[in-house]
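Each residue of the sequence shown is one higher than the one before, counting from 734 in this note's numbering.
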Amino acid sequence: MSTETPQKLPGIPDVPADQRTPAVLRLLEHCHRQQEELQALRDEVARLKGQKPKPVIRPSALEGERSETKKARQPKPRGKRSKTAELEIHESVKRQPAEAIPPNSRFKGYQDFVVQELRIGVHNTRYRLERWVSPEGVSLIGQLPAEMGGVHFGPQLRAFILYQYHHAHVTQPLLLEQLREWQIAISAGQLSALITDAHGEFHREKDALLQAGLQRSRYVHVDDTGARHRGKNGYCTHIGNERFAWFASTESKSRINFLELLRAGHEAYTLNPAALAYLAEHKLPCAQFESLTALAPAVWTGQTAWQAVLAQQAITDPRHVRLVTEGALLGTVVEQGVAPDLAIVSDDAGQFDVLTHALCWIHAERVLAKLLGFNEPQRQALASVRSELWAIYDALKAYKEAPDALTAAAIEARFEKLCATRTGYASLDRALKRMRRNQEELLRVLQRPELPLHNNLSESDIRDYVKKRKISGSTRSESGRRCRDTFASLKKTCRKNGLSFWQYVQDRVFGWHRIAPLAQWIFEATPTAANVLVHDQ
């Protein structure tokens, strides 16, 4: 332990070297953190008064500015490429020179000048439905086109509204004002109904995404964020990877809630080997474990039937009820075709610790990034630990490219040595102990090189949902909340598979179905051009 004199702080007295016991050093560290909090409060007061606070220099993250070598820029191709060569030409107009053409002049063809334009305007159609009465008195009325959907707003307008609201994040009041300025006669209630109602096809396609993604994937990223609903706090959970994104908003973010989401719409509770293994791992009491083992294999549908089973087996302790319910839900997930070794990559939130759990290195390093150290030895120890952690991270990235058993053993030994380091900096030592407890999840990539080392994909996907929440606020109706989840899922999945969300929305609203279901895109590793046929207009 260091005996150097701690850095002098305002209001904190110097402590002689012979009195610097571990308890005293921890108290000094606590005082140092309080000084930082006080300074932060002073900065906030200064900001509210219009004054400039002290600048805050934040440490860089693992995947940040620490890289010593910048990526080499790709050389731009030589020669000027025509930007309009591949455009579809809808109208050709010939123009003669303004001057009079002299006699005996020779025609030399045309010089093309392409102008891109967008036509926005109202196009109202009156459908005159013929009415007939048969000799038997049966009334016969002409039918509207199928794409009209029985509403007084055309499919192109409905697709535009969905695109503007869910993709461009235009709020309902602004969208209503925009449509009225274009002479569209629509009320606020009608606009709200077009955004939230009669989207069963979109909901069904979104629901199919999760089951397809879980069955097709070797790993998924997960994360959650706040999602207020009807004035109460709630949560939106994201599940996805490079092929799909799926969002669901609920009132809870417990492990039971997460496993219910992984069931992908099924309502079964299953006792099978996967469920029993979960109960054994979490040390359910022997008597209850044996009684449940005698029932397996078994399936119950619906919460009412499941509650009856718990009562029949005299399982009433809240912890035991939770464990048994989690096990039965996990059994259903595996029974529906999800691989028992599906990796769940998370930021160390406890509710995601199911199946094969892997942790994000960026989140693990953030604990160290928040530490500053109140004397020079602590700052040096922190810098040394972070430097070694980055080195191990770089070694893991190299290992993913060329897995090798000897390299894996060396990286594991190096990680254990780092976590066993005792620096005398209490907060740093606690962070290292925590990493040691999470060693299996942090080094999961040594057994599964295909796994990512961080959870950045999930955070990137969920950022778009957060943006929508900040712009439009919370949801009020169940249909509104479901639509927000559905279209966020469909839009992100379209992007991940190289699909135009505008063309996708048009395809579904018009009823063309020339774009294959998104679940099919997840199953197909390399979609072909036959999957998409853009409508010519």
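Beta carbons are placed, not taken as given, at the ideal position from N, Cα and C, and that holds for glycine.
A quick note: this is a predicted structure, and the numbers were derived from the prediction, not measured.
Q) What is the C-beta distance between Phe1148 and Leu1176, in whole angstroms, given that I count them as a contact (C-beta under 8 Å)? A) Taking the first residue of the sequence shown as position 1, residue 1148 is located at position 415. Taking the first residue of the sequence shown as position 1, residue 1176 is located at position 443. The C-beta separation of Phe1148 from Leu1176 comes to about 6 Å, placing the pair in contact by the 8 Å criterion.
(Q) Please report the distance separating the alpha-carbon of Leu1075 from that of His1096. (A) Translated into positions along the sequence shown, residue 1075 becomes position 342. Translated into positions along the sequence shown, residue 1096 becomes position 363. Straight-line measurement puts the Cα of His1096 at about 21 Å from the Cα of Leu1075.
**Q.** Per-residue burial, Ala1252 [other beta carbons within 10 Å of its own, 16 or more giving buried]
**A.** What you label residue 1252 is simply residue 519 of the sequence shown in a count that begins at 1. It is buried - the Cβ of Ala1252 has at least 16 other Cβ atoms within 10 Å.
Q) On the three-pair Cβ rule with 8 Å, is the stretch 966-985 touching the stretch 1022-1031? A) In short, these stretches do not touch, since the Cβ pair count stays below three.
Q | Expected contact under 8 Å - CB spacing of Val1178 and Lys1133 to nearest Å | A | For this step, residue 1178 is matched to residue 445 along the sequence shown. For this step, residue 1133 is matched to residue 400 along the sequence shown. A Cβ-Cβ distance of about 6 Å is found for the pair Val1178 and Lys1133, placing them in contact under the 8 Å criterion.
Q.
Are the CB atoms of Ser1212 and Thr929 within a distance shorter than 8 Å?
A. The count along the sequence shown starts at 1 and reaches residue 929 at position 196. The count along the sequence shown starts at 1 and reaches residue 1212 at position 479. Taking C-beta atoms as the reference points, Thr929 and Ser1212 count as a pair closer than 8 Å.
Q: Could you tell me which uninterrupted alpha helix (DSSP H) segments, each at least 4 residues in length, are contained entirely in the stretch 976-1027, listed from first to last along the chain?
A: Entirely contained in the stretch 976-1027, the alpha helix (DSSP H) runs reaching 4 residues are, in chain order, 988-995, 1006-1014.
Q: Quick one: residues in its chain with C-beta nearer than 8 Å to the C-beta of Glu798, no 5 flanking neighbours on either side, listed in chain order?
A: Locating residue 798 in the sequence shown gives position 65, counting from the first residue. Residue placement at Glu798 is flagged as unreliable, the pLDDT there being 48, under the threshold of 50; the coordinate-derived value follows with that caveat. Taking C-beta separations shorter than 8 Å and ignoring five residues to either side along the sequence, Glu798 has no partners in its chain.
Q: Out of Gln911, Arg1228, Ala1164, point me to the one whose CA is closest to Ser1193's CA.
A: One-based indexing of the sequence shown puts residue 1193 at position 460. Ranking the options by Cα distance to Ser1193, first place goes to Arg1228.
Q) Exposed or buried, what is Val757 when buried is set at 16 or more other beta-carbons lying within 10 Å of its beta-carbon? A) Numbered from 1 along the sequence shown, position 24 holds the residue referred to as residue 757. With fewer than 16 other Cβ atoms within 10 Å, it is exposed.
Q. Among Gly946, Leu774, Arg775, which has the Cα closest to the Cα of Trp1254?
A. As a working mapping, residue 1254 is identified with position 521 in the sequence shown. A check of alpha carbon separations from Trp1254 across Gly946, Leu774, Arg775 identifies Gly946 as the nearest.
Q.
In chain order, what are the residue ranges of uninterrupted alpha helix (DSSP H) at least 4 long that sit wholly in the stretch 1134-1195?
A. The stretch 1134-1195 contains these whole alpha helix (DSSP H) runs: 1138-1152, 1159-1170, 1172-1175.
Q: Measure the Cβ-Cβ separation of Leu890 and Leu908 and say whether it is below 8 Å.
A: Sequence index remark: in the sequence shown, residue 890 carries index 157 (1-based). Sequence index remark: in the sequence shown, residue 908 carries index 175 (1-based). Cβ distance not < 8 Å, so Leu890 and Leu908 don't count as in contact.
Q | Where Cys969 falls: helix, strand or coil (DSSP) | A | Walking along the sequence shown from the start, residue 969 turns up at place 236. Cys969: strand per DSSP, three-state reduction.
Q: Pull up the distance between the alpha-carbon of Ile1125 and that of Pro1182, whole angstroms please.
A: The residue you call residue 1125 lines up with position 392 of the sequence shown. The residue you call residue 1182 lines up with position 449 of the sequence shown. Going by the C-alpha atoms only, they are around 15 Å apart.
Q. Would you call the stretch 973-987 and the stretch 1105-1116 in contact, with 3 or more CB pairs under 8 Å?
A. With a cut-off of 8 Å, the stretch 1105-1116 and the stretch 973-987 do not count as touching, because too few Cβ pairs lie within range.
Q. Closest by CA to His962, which one among Leu1062, Val1071, Arg1215?
A. Taking the sequence shown and counting its residues from 1, one reaches residue 962 at position 229. Answer by Cα proximity: Arg1215.
Q | Three-way DSSP call (helix, strand, coil) for Ser1212 in this model | A | Against the sequence shown, residue 1212 aligns to sequence position 479. Three-state result, Ser1212: helix.
Q. Does the beta-carbon distance from Phe1085 to Val955 come in below 8 Å?
A. What you label residue 1085 is simply residue 352 of the sequence shown in a count that begins at 1. What you label residue 955 is simply residue 222 of the sequence shown in a count that begins at 1. Cβ distance < 8 Å, so Phe1085 and Val955 count as in contact.
(Q) Going by DSSP in three states, Arg1052 sits in which element: helix, strand or coil? (A) If you number the sequence shown from 1, residue 1052 lands on position 319. If DSSP states are grouped into helix, strand and coil, Arg1052 belongs with the helices.
Q | For Thr1034, the three-state DSSP class (helix, strand or coil) | A | Taking the first residue of the sequence shown as position 1, residue 1034 is located at position 301. In the three-state reduction of the DSSP assignment, Thr1034 falls in the strand class.
Q: Using the Cα positions of Glu914 and Tyr860, report the straight-line distance between them to the nearest angstrom.
A: Here residue 914 refers to the residue found at position 181 when the sequence shown is read from its first residue. Here residue 860 refers to the residue found at position 127 when the sequence shown is read from its first residue. Annotation: Glu914 to Tyr860 spans about 24 Å, alpha carbon to alpha carbon.
Q: Quick one: residues in its chain with C-beta nearer than 6 Å to the C-beta of Phe977, no 5 flanking neighbours on either side, listed in chain order?
A: In the sequence shown, counting from the first residue as 1, residue 977 sits at position 244. For Phe977, where only same-chain residues beyond five positions count, the Cβ hits under 6 Å are Leu942, Gly946, Thr1226, Ile1255.
Q) Per DSSP, which one or two residues make a beta bridge with Gly959? A) Sequence index remark: in the sequence shown, residue 959 carries index 226 (1-based). BP columns for Gly959 point to Tyr968.
Q: Write down the C-beta distance between Ser1222 and Lys939 rounded to the nearest angstrom, noting that I regard them as a contact closer than 8 Å.
A: Indexing the sequence shown from 1 puts residue 1222 at position 489. Indexing the sequence shown from 1 puts residue 939 at position 206. Rounded to the nearest angstrom, the Cβ distance from Ser1222 to Lys939 is 5 Å, consistent with a contact under 8 Å.
Q. Taking Cβ to Cβ, would you say Leu1101 is nearer than 8 Å to Val1087?
A. As a position in the sequence shown, residue 1101 is number 368, starting the count at 1. As a position in the sequence shown, residue 1087 is number 354, starting the count at 1. Note that the C-beta distance between Leu1101 and Val1087 is not below 8 Å.
**Q.** Where Arg932 falls, given that 16 or more other Cβ within 10 Å makes a residue buried
**A.** Within the sequence shown, the letter at position 199 stands for residue 932. Checking the sequence shown, residue 932 turns out to be His, not Arg. Answer is buried; the Cβ neighbour count reaches 16.
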